[in-house]
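Enquirer: Pasting in a structure now, in C-alpha cells, and then I'll have a few things to ask.
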Amino acid sequence: MSDAGSRNAADRYDWQAVQDRWLPVWEALNLFRVADDPAGKPRKYVLDMFAYPSGDLHMGHAEAYAIGDVVARYHRLRGYSVLHPVGWDSFGLPAENAAIKRDLDPKKWTYGNIETQARSFRRYAISFDWDMRLHTSDPEYYRWTQWIFLRLFERGLAYQKRSSVNWCPQDQTVLANEQVVAGRCERCGSLITKRTLTQWYFKITEYAQRLLDDMSALEGHWPERVLTMQRNWIGRSEGAEIKFVVDGRDEPVTVFTSRPDTLHGATFLVVAADSELAGELCAPDRRAELDEYVERVKRLSEIERQSSDREKTGVFLGRTAAHPITGEQIPVWASDYVLADYGTGAIMAVPAHDQRDLDFARAFGLPVVVVVDTGEPDPAETGVATAGDGTLVNSGEVDGLAKDEAIRATVRQLTGKGLGSRTINFRLRDWLLSRQRFWGCPIPIIHCPDCGAVPVPDDQLPVRLPELSGADLRPKGVSPLATVPEWVNVPCPRCGGDAQRDTDTMDTFVDSSWYFLRFVSPHDSDRPFDPEALREWAPVDNYIGGVEHAILHLLYARFLTKALHDLGLVEFTEPFKALMNQGQVILNGASMSKSKGNLVDLGEELSTYGVDAVRLTMIFAGPPEEDIDWADVSPGGSGKFLARVWRLASDVGTAERDTGAGDTGVRRTTAKVVREVTQLIEDKRFNVAIARLMELTNALRKAVDGDVPAGDPAVREAVESLAIMLSLFAPYCAEESWATLGHAVADGDSVSRADWPTADEALLAEDVAVCVVQVNGKVRERLEVPTSITEDDLRELALGDPAVVRLLDGRDPRKVIVRAPKLVNLVVAP
-14 MSDAGSRNAA DRYDWQAVQD RWLPVWEALN LFRVADDPAG KPRKYVLDMF AYPSGDLHMG
46 HAEAYAIGDV VARYHRLRGY SVLHPVGWDS FGLPAENAAI KRDLDPKKWT YGNIETQARS
106 FRRYAISFDW DMRLHTSDPE YYRWTQWIFL RLFERGLAYQ KRSSVNWCPQ DQTVLANEQV
166 VAGRCERCGS LITKRTLTQW YFKITEYAQR LLDDMSALEG HWPERVLTMQ RNWIGRSEGA
226 EIKFVVDGRD EPVTVFTSRP DTLHGATFLV VAADSELAGE LCAPDRRAEL DEYVERVKRL
286 SEIERQSSDR EKTGVFLGRT AAHPITGEQI PVWASDYVLA DYGTGAIMAV PAHDQRDLDF
346 ARAFGLPVVV VVDTGEPDPA ETGVATAGDG TLVNSGEVDG LAKDEAIRAT VRQLTGKGLG
406 SRTINFRLRD WLLSRQRFWG CPIPIIHCPD CGAVPVPDDQ LPVRLPELSG ADLRPKGVSP
466 LATVPEWVNV PCPRCGGDAQ RDTDTMDTFV DSSWYFLRFV SPHDSDRPFD PEALREWAPV
526 DNYIGGVEHA ILHLLYARFL TKALHDLGLV EFTEPFKALM NQGQVILNGA SMSKSKGNLV
586 DLGEELSTYG VDAVRLTMIF AGPPEEDIDW ADVSPGGSGK FLARVWRLAS DVGTAERDTG
646 AGDTGVRRTT AKVVREVTQL IEDKRFNVAI ARLMELTNAL RKAVDGDVPA GDPAVREAVE
706 SLAIMLSLFA PYCAEESWAT LGHAVADGDS VSRADWPTAD EALLAEDVAV CVVQVNGKVR
766 ERLEVPTSIT EDDLRELALG DPAVVRLLDG RDPRKVIVRA PKLVNLVVAP
C-alpha cells in the first residue's frame, strides 16, 4: 500500500485518541516504579532539576524534561534499573508574594500549582517513578533540612555574624551576592541597597580549594563553561597579606594583594566606606562627613560601585598608616569602589599600576609612584595605569628584579618584620542563607539571653511554620514570623528560661542543595536518607537542567555534599557525575516573557499538535545545549512524521506474516541505523538520532511500497526496532505502533519494557566496496558491492544498473573491462 495513497478518516492517525488510550494504561501499569525491578540489575540515577510550582508547565519545562526523559528511557531500555524521581522546589518568595496578592495561604497556592503541574507531567508522558515524590515544603522534608543545618552548626559551618548585606526593598529580604544580577534582585528586578544585619551563613569558604581541586574529576563530564563559571566565582588568587599600622589603633589593618612586588608604589590605603572598619578608623572630626557619605553609598549597587566609568568619590578618615617597608606615613581614605565583603574590606592603593586607584589619586591629588618599568609612558602624565609586568624601579632592595623574584623578595622582607606573609585569597564569600520572609524552612535555633544560640533538640524537629496568610505576610522589614508571639516565645532547651525562636527562614537553595540525596528514600521517617539506598544509587549519573544554575545551585550542592562527606554521612564528594545543560526556548530571537507579549502557551501547543509532536520538535530542533526558536520549528511536520510511522506499523501489523528468512537489504539498513542511533544517544546528539529514525522510516516505506512484502520478517523486526527507538522521543506513537504490531501492552508488554535493539554484527561486518562504472573512460555511476563479488556478477550488475542502461540507450558495449570489485569500464561506439 502506498504511503501517499488515500485513506478514509478511520485510518488516519488520531493522536488525541492515542493519548486518551494509553495514559490510563500506563497509570495502571506504573511502568517506571523502581521497587518492582528485580534485584541485581545495574542501576542508573537520572535526575532533572526539579520544578518550582509557580503555575502550569511552560515551554522551558517541555524542553528540559523531554531531554531528561530521553536519557532515562534509554537507560531503562538498555537493561538498567533507573531511578527517575519527581519533586517540587516548593518554598520561596514567588508563592509568598502570590499569596499576599490574592489574600491566600501560600501553602494552598503552592500545593494547588503542584497538582496542576503533576497532571501536566503525566500528560507529557515523563517516565517518572511517582512513588519517589517529594516537596521541599512538606514538614517531613524540611525536618531533615533543619537536621542538616544543626549538624553544620555543631561543626562551626553554620554561624551568625553582623555584616553589610544586600537588601531588596521590594521583597523586604536580604539576598546573597549570587542573587543580585546587575545590581538588581534576580526575583523582582528592584535595585538593591545595603543594610547591616546579623545573619546566618554557611562557611562555604572553608571548602574553596576543594571545590576547585575536585573539578578535575568533572572535566569531560560537565560543560566546560559551567566549570569555568565556578572557577571564576571562586576566584583563587595567590599573593600576600600585608599589615599596615594605623596611628591611634592597636590592631594593624590587613590588606590582601596579588602583587606584593608593587608595595613601594602604595601611596595611600582605601577602606570600604560602609564597612565597620571605616567607622573604627574614622577620626571624630570626620565622622559626620563619613556618615553622610555612607548614606549615599547605600543607594548604589555593587555593579555601580565597581564601574570603571564612575567618577571616584571618597572621604579622608583623618588617619595615616605606616608603610610596612619604608615607615612613611600614608593617608587612609574611605571610598565606595572598595567592597566590605571582599578580602578584608581594605586595599593598598598603587595608583601607577591600577586604573581605579589612579583615578582616585587624580581626583584627590594623591601621589603616583611608578615602581614597575613596563616601557610605557608615566601614568601620572597620561592618566593610564600600566598594569603589565616589567622590572622593579623605585623599590629599594628589589630594584632591578623581575616580577616573580620581586614578589618572593618582598614577602621575605615582610615576614622578617612580622608585617606580612604569603597567602591565598578567594573571591568566594560565605553563603548568606537568612531570609526575612515566611514561606521557607524555619531556622532551628532558639536565642536565650543566658545561653546564647541554642539548637532545637532533634526530637523536637521539625520546627513547623505557623498558619499565616494574606495581610499577615506583607513585608515589614522583619520576618512575618516575628509578629507571631505564641510561635516566637518558647523556653530555652538548655536552661528552661524565657527565650525566642530565630525568626528568619532559610534561603530555598538550602532545600535544593540536598534534595537529590532524599530522593533515594523520600519516605524514610527516621533519617534524611537511607545509607544503603544512597550507596546503591548515588551519586547522580545524569543531571539535567539550565545553565542559569551554574553558580547558585550547583556550587551549593557541591559544597553541602563535601560537608556531609566530612560528617561521615555520605561516601562521595561530588553529587553529580555528569551534567547536561539545555538551552532556552525563545520566539523570534527573544526570550519569552509576559511583558514582551511573546509567550507561547505550552498547553495550547499540546492541544494543537499533541504531546509527541511537541516533544519530538523540542529534541529535533538542535543539540540540547542550543536555544530553540519556536518560530523556526515545525510541530506540524513532526506530526506528519509520526503519522508515517503509525501507517507503517499498521501495514505490517495487518499483513500476513511470511515465514521466510527475511530481506537482507532491510536487515542491513536496520542494523546500520540501530548502530548509529545507539552511538548518537550515547553522545547526546539526540537531534541527529531522530534524523536517522526518519531515514529508516523512509527506507522501510520504500521497501514495502516496492518488492518487499509488509509481512516480511525483516520488515517486522525493523518496525519493532523503530518503535523501541522512537519511544525515547514520542512515547504515545511508539506505544500505539507497538500494540499495532501485536504486543499486549495492557498485560505489561509495553514498548517501555522492551529491550533496546542490537545491530546484527554479521551484517555490519560484511565488507563492502564502491565500484566505479566508467563509460568511455568517464565515471558515470558508483555501485556499492560486496568485496567478494565475482567478475561475472559485477559485469551483470553494472550492465543492469538503470543509470547505465539509460546511457547505453540500446547500444551494446564494444568491450567490457572488469576489475572486481573496484572497476567496470564500458567501451561504447560514438
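Residue 774 in our numbering sits at position 789 of the sequence shown, and the numbers go up by one each step.
Ideal Cβ positions, reconstructed from N, Cα and C, are used throughout, including at glycine.
No experiment lies behind these values; they were computed from the predicted model shown.
(1) Measuring alpha carbon to alpha carbon, tell me which residue in Ile52, Leu537, Thr329 and Glu100 is nearest Ser39.
(2) I'd like the list of long-range same chain contacts for Lys283, defined as Cβ closer than 6 Å, with 5 residues on each side in sequence excluded.
(3) Locate the alpha helix (DSSP H) running through Ile802, then write down its first and last residues.
(4) Rounded to whole angstroms, what's the CA-CA distance from Ser706 to Gln664? Just pull it up for me.
(5) Could you check what DSSP says for Val159 in three-state terms: helix, strand or coil?
(6) Which residues does DSSP pair with Met491 in a beta bridge?
(7) Quick one: using the 10 Å Cβ neighbour count with 16 as the cut-off for buried, is Gln445 buried or exposed?
(8) Excluding sequence positions up to five away, which residues of its chain have a Cβ less than 7 Å from the Cβ of Pro560?
(9) For the region 640 to 653 against the region 692 to 699, are there 3 or more C-beta pairs whose distance is under 8 Å?
(10) Figure out for me which residue from Ala268, Val448 and Asp374 has the closest Cα to the Cα of Trp132.
(11) In the region 716 to 790, which residue ranges form an unbroken alpha helix (DSSP H) of at least 4 residues, counting only runs that do not cross its ends?
(12) Nearest to Arg653 by CA position, among Ala688, Ala49, Gln398 and Thr395, is which residue?
(13) Quick check: Val658 and Arg677, are their CB atoms within less than 8 Å of each other?
(14) Which class does Phe820 belong to by DSSP, given the choice of helix, strand or coil?
(15) In this structure, how does DSSP classify Asn82 when only helix, strand and coil are distinguished?
(16) Give the secondary structure of Asn69 by DSSP, where H, G and I count as helix, E and B as strand, and everything else as coil.
(17) Does Arg104 pass the burial test, meaning 16 or more other C-beta atoms within 10 Å, or should it be called exposed?
(18) Is Phe134 helix, strand or coil when you go by DSSP?
(19) For the 8 Å Cβ check, are there 3 or more pairs between the region 192 to 209 and the region 483 to 498?
(20) Hey, is Asp690's beta-carbon within less than 8 Å of any beta-carbon in chain C?
(21) Excluding the five sequence neighbours on either side, which residues of its own chain have a C-beta within less than 7 Å of the C-beta of Asp435, listed in chain order?
(22) Is it the case that the Cβ atoms of Ala263 and Leu275 are separated by a distance below 8 Å?
(23) Taking 8 Å as the threshold (C-beta atoms), are Met200 and Ala251 in contact?
(24) Can you tell me the Cα-Cα spacing of Leu466 and Asp614, whole angstroms?
(25) Can you give me the start and stop residues for the beta strand (DSSP E) that Leu119 sits inside?
(26) What residues match up with Asp358 in a beta bridge as DSSP calls it?
(27) Once the 5 residues before and after Asn98 are set aside, which same chain residues still bring their CB inside 7 Å of it?
(28) Kindly indicate which three-state DSSP category Ile430 falls into: helix, strand or coil?
(29) Helix or strand or just coil, what does DSSP make of Leu333?
(30) From the DSSP output, which residues share a beta bridge with Cys153?
(31) Could you give the residue range of the beta strand (DSSP E) that holds Met565?
(32) Going by alpha carbons, who is nearest to Lys800 out of Gly762, Arg767, Glu769 and Asp778?
(33) Is it a yes or a no for the region 5 to 12 touching the region 717 to 731, going by three-plus beta-carbon pairs under 8 Å?
(34) Per the DSSP calculation, Ser222 is bridged to which residue(s)?
(35) Have a look at His206 and Gly360 and give me their C-alpha separation to the nearest angstrom.
(36) Pro620: buried (16+ other C-beta within 10 angstroms of its C-beta) or exposed?
Expert: Taking the definition as stated:
(1) The residue given as residue 39 occupies position 54 in the sequence shown. Measuring from the Cα of Ser39, the nearest candidate turns out to be Glu100.
(2) In the sequence shown, the residue the question calls residue 283 occupies position 298. Once the five neighbours on either side are set aside, the close Cβ partners of Lys283 are Thr178 and Lys179.
(3) By 1-based counting over the sequence shown, the position of residue 802 is 817. Unbroken run through Ile802 is the beta strand (DSSP E), Lys800 to Arg804; no alpha helix (DSSP H).
(4) The residue you call residue 706 lines up with position 721 of the sequence shown. The residue you call residue 664 lines up with position 679 of the sequence shown. Distance between the alpha carbons of Ser706 and Gln664: 15 Å.
(5) On the sequence shown, residue 159 is found 174 positions in, with the first residue counted as 1. It is a strand residue.
(6) Start at 1 with the first residue of the sequence shown, and residue 491 comes out as number 506. Bridge partners of Met491: Ser419.
(7) Translated into the one-based positions of the sequence shown, residue 445 becomes position 460. So Gln445 counts as exposed.
(8) Position 575 of the sequence shown holds residue 560. The answer, listed in chain order, is Phe501, Pro524, Val525, Ala542, Arg543 and Thr546.
(9) yes
(10) In the sequence shown, residue 132 corresponds to position 147, counting from 1. Taking only the C-alpha atoms, the option nearest Trp132 is Val448.
(11) 716 to 725, 746 to 750 and 776 to 785
(12) In the sequence shown, counting from the first residue as 1, residue 653 sits at position 668. Nearest of Ala688, Ala49, Gln398 and Thr395 to Arg653, Cα basis: Ala688.
(13) Looking up residue 658 in the sequence shown gives position 673. Looking up residue 677 in the sequence shown gives position 692. Contact flag set, yes.
(14) Nothing about residue 820 can be read from this structure; the chain reaches only from -14 to 815.
(15) The count along the sequence shown starts at 1 and reaches residue 82 at position 97. Residue state, collapsed to three classes: helix.
(16) In the sequence shown, residue 69 corresponds to position 84, counting from 1. Looking at the sequence shown, residue 69 is not Asn but His. Three-state DSSP puts His69 in coil, outside helix and strand.
(17) For the purposes of this step, residue 104 is identified with residue 119 of the sequence shown, where counting begins at 1. Arg104 is exposed by the Cβ-count criterion.
(18) Position 149 of the sequence shown, counted from the start, is the residue given in the question as residue 134. Looking at Phe134 - three-state DSSP - the assignment turns out to be helix.
(19) no
(20) The chain inventory of the structure shown lacks chain C, comprising one protein chain alone.
(21) On the sequence shown, residue 435 is found 450 positions in, with the first residue counted as 1. Result list for Asp435: Cys480 and Gly482, in chain order.
(22) On the sequence shown, residue 263 is found 278 positions in, with the first residue counted as 1. On the sequence shown, residue 275 is found 290 positions in, with the first residue counted as 1. Yes; because the gap between Cβ atoms is below 8 Å, this pair is in contact.
(23) Taking the sequence shown and counting its residues from 1, the one referred to as residue 251 is at position 266. Taking the sequence shown and counting its residues from 1, the one referred to as residue 200 is at position 215. In this structure, Met200 does not lie closer than 8 Å to Ala251 by Cβ.
(24) On the sequence shown, position 481 is the one that residue 466 refers to. On the sequence shown, position 629 is the one that residue 614 refers to. Looking at the two C-alpha atoms, the distance is approximately 44 Å.
(25) Here the question's residue 119 lines up with position 134 in the sequence shown. Per DSSP, Leu119 belongs to the beta strand (DSSP E) from Asp114 to His120.
(26) On the sequence shown, position 373 is the one that residue 358 refers to. Beta-bridge pairing links Asp358 to Thr376.
(27) Mapped onto the sequence shown, residue 98 falls at position 113. Closer than 7 Å at Cβ, skipping near neighbours: Pro38, Ser39 and Gly40.
(28) Counting from one through the sequence shown, the residue named residue 430 turns up at place 445. Note: Ile430 maps to strand in three-state DSSP.
(29) Numbered from its first residue, the sequence shown carries residue 333 at position 348. Reading off the sequence shown, one finds Met at residue 333, where the question assumed Leu. Of the three classes helix, strand and coil, the one that applies to Met333 here is strand, per DSSP.
(30) Here residue 153 is taken as the residue at index 168 of the sequence shown, counted from 1. Beta-bridge pairing links Cys153 to Thr158.
(31) Within the sequence shown, numbered from 1, the residue matching residue 565 stands at position 580. From DSSP, the beta strand (DSSP E) with Met565 extends over Phe561 to Gln567.
(32) The sequence position of residue 800 within the sequence shown is 815, counting from 1. Out of Gly762, Arg767, Glu769 and Asp778, Gly762 has the C-alpha closest to the C-alpha of Lys800.
(33) yes
(34) The residue you call residue 222 lines up with position 237 of the sequence shown. According to DSSP, which records beta bridges pairwise, Ser222 is partnered with Asn410.
(35) In the sequence shown, residue 206 corresponds to position 221, counting from 1. In the sequence shown, residue 360 corresponds to position 375, counting from 1. When rounded, the distance between both Cα atoms is 45 Å.
(36) Against the sequence shown, residue 620 aligns to sequence position 635. Its Cβ being crowded by 16 or more others within 10 Å, Pro620 is buried.
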